[in-house]
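Structure record follows, encoded as structure tokens.
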Amino acid sequence: MKAAKHRVMMSGVKDRYSIAAFTIPVEGTIIRAPKELIDDQHPQLFKDFDFMDFLFFSFSEQVKLIDSPDQIYAFASLSLPISDQKHGS
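Numbering (the working numbering), first residue to last: 13 to 101.
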């Protein structure tokens with residue numbers, strides 16, 4: 013997964029302030045792709061999972077050598093990451 017590209021354009025000489033807002037689902041929340049988005053042409057890429065299991069996984073010892081964007085693949089992928097499939101590895 014990659015962050016969305018965005019650009020801020022400001023006119024004049026003004027200070028710019030940014031606020032980060034994060035949310036964590038309630039324990040027991042299952043993350044899943046909506047069924048209506050999955051079909052033969054758009055297969056499910058990740059298994060359904062409990063968000064807290066992924067959160068604990070992302071801070072575990074076994075994840076220290078995995079780049080942050082690849083952690084979701086290591087945890088929940090049903091197949092190789094697309095970047096690996098392109099290279100045949």
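Every residue gets a Cβ at the ideal spot worked out from N, C-alpha and C, and that includes glycine. Bear in mind the structure is a predicted one, so any value in this text is a computation, not a measurement.
Rounded to a whole number of angstroms, what is the C-alpha to C-alpha distance between residue i and residue j?
i	j	result
residue 73	residue 23	46 Å
residue 63	residue 33	18 Å
residue 42	residue 61	5 Å
residue 83	residue 68	12 Å
residue 70	residue 40	17 Å
residue 86	residue 25	45 Å
residue 59	residue 91	10 Å
With a threshold of 16 other CB atoms inside 10 Å of the CB of residue i, please say whether the residue is buried or exposed.
i	result
residue 36	exposed
residue 31	exposed
residue 50	exposed
residue 11	Given a span of 13 to 101 for the chain in the structure shown, any question on residue 11 remains unanswerable.
Taking DSSP as the reference, what is the three-state secondary structure of residue i?
i	result
residue 31	coil
residue 84	helix
residue 102	As shown, the chain starts at 13 and ends at 101. That puts residue 102 outside it, with no answer to give.
residue 101	With a pLDDT of 43 at residue 101, under the threshold of 50, the predicted position of this residue should be treated as unreliable, and no value is reported.
residue 89	strand
Within the present structure, is the beta-carbon of residue i separated from the nearest heavy atom of the ligand GDP by less than 7 Å?
i	result
residue 75	Judged by which ligands are present, the structure shown has none, so any question about the ligand GDP falls away.
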